[in-house]
Amino acid sequence: MVNQQANSTKDIGFTHEDFAALLDKYDYHFSPGDIVAGTVFSMEPRGALIDIGAKTAAYIPIQEMSINRVDNPTEVLQADETREFFILTDENEDGQLTLSIRRIEYMRAWERVRQLQQEDATVRSNVFATNRGGALVRIEGLRGFIPGSHISAREAKEDLVGEDLPLKFLEVDEERNRLVLSHRRALVERKMNGLEVGQVVKGSVRGIKPYGAFIDIGGVSGLLHISEISHDHIDTPHSVFGVNDELKVMIIDLDAERGRISLSTKQLEPEPGDMLKNRDIVFEKAEEMAEKYRQKLLAEAEGVTLEEIQAEQAVSDEETETSAEFVDEAADESVAEDSSDSSEEW
1 MVNQQANSTK DIGFTHEDFA ALLDKYDYHF SPGDIVAGTV FSMEPRGALI DIGAKTAAYI
61 PIQEMSINRV DNPTEVLQAD ETREFFILTD ENEDGQLTLS IRRIEYMRAW ERVRQLQQED
121 ATVRSNVFAT NRGGALVRIE GLRGFIPGSH ISAREAKEDL VGEDLPLKFL EVDEERNRLV
181 LSHRRALVER KMNGLEVGQV VKGSVRGIKP YGAFIDIGGV SGLLHISEIS HDHIDTPHSV
241 FGVNDELKVM IIDLDAERGR ISLSTKQLEP EPGDMLKNRD IVFEKAEEMA EKYRQKLLAE
301 AEGVTLEEIQ AEQAVSDEET ETSAEFVDEA ADESVAEDSS DSSEEW
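Take the sequence shown: its position 57, counted from the start at 1, is 57 in the numbering used here, and no numbers get skipped.
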């Protein structure tokens, strides 16, 4: 009986080649770009071997273990740990696939920043480097760039390294690997929560350009365009202002999306040209002129002219005076009647 079993097994003739062919028949085809589950079964100094169910163990090099710098594979992976891996390259000559965790983190990071941009969220990040163009930060592990024109800070750009900044998204482009942010817009948006059109604020001149002056109003910059300095013609803002000049300005526009605040002294002039002749009178009467500006805005919003509002106010004042006179006359008549009644009784 034993001999029959031995002969039967021998007759099967199942060789190593047959076993390999059977594996090939049921082997799953792995392709670059696939995300698969794998188990760490061997740690190496500069990588790890991963069992993903292929004929040969896959390999993940240390530089593909994270979006961030990794000095030792044990910082990311542990033996027998099971997790997702991205298939980075096809099989090499030894039939081994190369895996990546970094690619998965990148995909999810871009998905996250796109979501944050859609929500118009404000994020925070530390500046880790600066260059001639601006500053570099990391958002969700991705390298982001803040253009110099979108850095709102009084300190030198190189002194920003290590600073934690609030930021808004300007551009999120995964295909071009571009992540551009704005510090200025985040500050302006926060500052705008306490500002409104028609409001008078104090500020100082921080920069002068041919097209206008940049005014610092509590840590954020607003533009006083040359056309909004005075009703009279101005050749250049340099002829009116100097850097660090203190002044009062009125907010005429708030653009949160673009992070811009537009200012005016022209609208505060009691008489055309006062900013050039006597700016002190402009600042002295700033609130009074701003109130007239706000009334004008309100009238325009309601489809009523300022003259109509002033006419209604005049009518209201007349009615008030007439009512007061009527009350006084009635009171006098009442006193006279009381005196007459008292005389008759007496």
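Beta carbons are placed, not taken as given, at the ideal position from N, Cα and C, and that holds for glycine.
The beta strand (DSSP E) enclosing V220, as first and last residue numbers: Within the sequence shown, residue 220 is the residue found at index 220, counting from 1. Where V220 is concerned, there is no enclosing beta strand (DSSP E), given that its DSSP letter is neither H nor E.
Need the endpoints of the beta strand (DSSP E) that F86 sits in, please. Within the sequence shown, residue 86 is the residue found at index 86, counting from 1. Here the beta strand (DSSP E) through F86 covers T82 to T89.
Suppose you measure from the CA of E174 to the CA of D245; what does that come to, to the nearest Å? One-based indexing of the sequence shown puts residue 174 at position 174. One-based indexing of the sequence shown puts residue 245 at position 245. Between E174 and D245, the C-alpha separation is close to 44 Å.
Ordered list of alpha helix (DSSP H) runs contained in the stretch 145-225, each at least 4 residues: Those alpha helix (DSSP H) runs which fall completely within the stretch 145-225 and span 4+ residues are 183-192.
Applying the criterion that 16 or more other CB atoms from any shown protein chain within 10 Å of the CB defines a buried residue, is F241 buried or exposed? If you number the sequence shown from 1, residue 241 lands on position 241. Flag for F241 reads buried.
Exposed or buried, what is H183 when buried is set at 16 or more other beta-carbons lying within 10 Å of its beta-carbon? Counted from its first residue, the sequence shown places residue 183 at position 183. Counting Cβ neighbours within 10 Å, H183 comes out buried, since at least 16 surround it.
Between the stretch 207-217 and the stretch 158-176, do three or more beta carbon pairs fall short of 8 Å? Contact fails: fewer than three Cβ-Cβ distances are below 8 Å.
K248 - containing beta strand (DSSP E), residue span: For this step, residue 248 is matched to residue 248 along the sequence shown. Membership of K248 in the beta strand (DSSP E) is indicated by the continuous run E246 to D255.
Less than 9 Å separating the beta-carbons of L268 and V200? Numbered from its first residue, the sequence shown carries residue 268 at position 268. Numbered from its first residue, the sequence shown carries residue 200 at position 200. Yes, they are a contact pair.
Using 10 angstroms around the beta-carbon of L263, count the other beta-carbons present and answer buried if the total reaches 16, otherwise exposed. Here residue 263 refers to the residue found at position 263 of the sequence shown. Per the 10 Å Cβ criterion, buried.
Just list the residues that DSSP pairs E44 with in beta bridges. In the sequence shown, residue 44 corresponds to position 44, counting from 1. Paired residue(s): G47.
Would you kindly report the start and end of the unbroken beta strand (DSSP E) that includes R124? As a working note, residue 124 is residue 124 in the sequence shown. Element bounds for R124: V123 to N126.
Out of A109, S230 and I251, which has the shortest C-alpha to C-alpha gap to L297? Within the sequence shown, residue 297 is the residue found at index 297, counting from 1. In this structure, I251 is the residue among A109, S230 and I251 with its C-alpha nearest to the C-alpha of L297.
Where do the N-terminal and C-terminal ends of the beta strand (DSSP E) with I60 fall, by residue? Start at 1 with the first residue of the sequence shown, and residue 60 comes out as number 60. Boundaries of the beta strand (DSSP E) harbouring I60: A58 to P61, taken from the DSSP string.
Kindly give me the distance between the Cβ atoms of V40 and L77, rounded to whole angstroms, as I take these residues to be in contact under 8 Å. On the sequence shown, residue 40 is found 40 positions in, with the first residue counted as 1. On the sequence shown, residue 77 is found 77 positions in, with the first residue counted as 1. That belief holds up - the Cβ atoms of V40 and L77 are roughly 5 Å apart, short of 8 Å.
Give me whichever residues DSSP pairs with A37 in a beta bridge. Translated into positions along the sequence shown, residue 37 becomes position 37. Beta-bridge pairing links A37 to E84.
Would you list the residues sitting across from I261 in a DSSP beta bridge? Taking the sequence shown and counting its residues from 1, one reaches residue 261 at position 261. Beta-bridge pairing links I261 to L254.
Quick check on the burial criterion: 16 or more other C-beta atoms within 10 angstroms. Buried or exposed for S125? Locating residue 125 in the sequence shown gives position 125, counting from the first residue. The residue in question, S125, is buried, as its Cβ has 16 or more Cβ neighbours within 10 Å.
With three or more C-beta pairs closer than 8 Å as the rule, is the stretch 68-76 touching the stretch 115-122? They do not touch, by the three-pair rule.
Extent of the continuous alpha helix (DSSP H) to which R279 belongs: Walking along the sequence shown from the start, residue 279 turns up at place 279. R279 -> alpha helix (DSSP H) spans R279 to E284.
Does DSSP put S239 in a helix, in a strand, or in coil? For the purposes of this step, residue 239 is identified with residue 239 of the sequence shown, where counting begins at 1. For S239, the secondary structure class from DSSP, reduced to helix, strand or coil, is helix.
Thinking just about the alpha-carbon of each residue, which of N92, H29 and I67 is nearest to the one in Y59? Translated into positions along the sequence shown, residue 59 becomes position 59. Comparing Cα positions, the closest option is N92.
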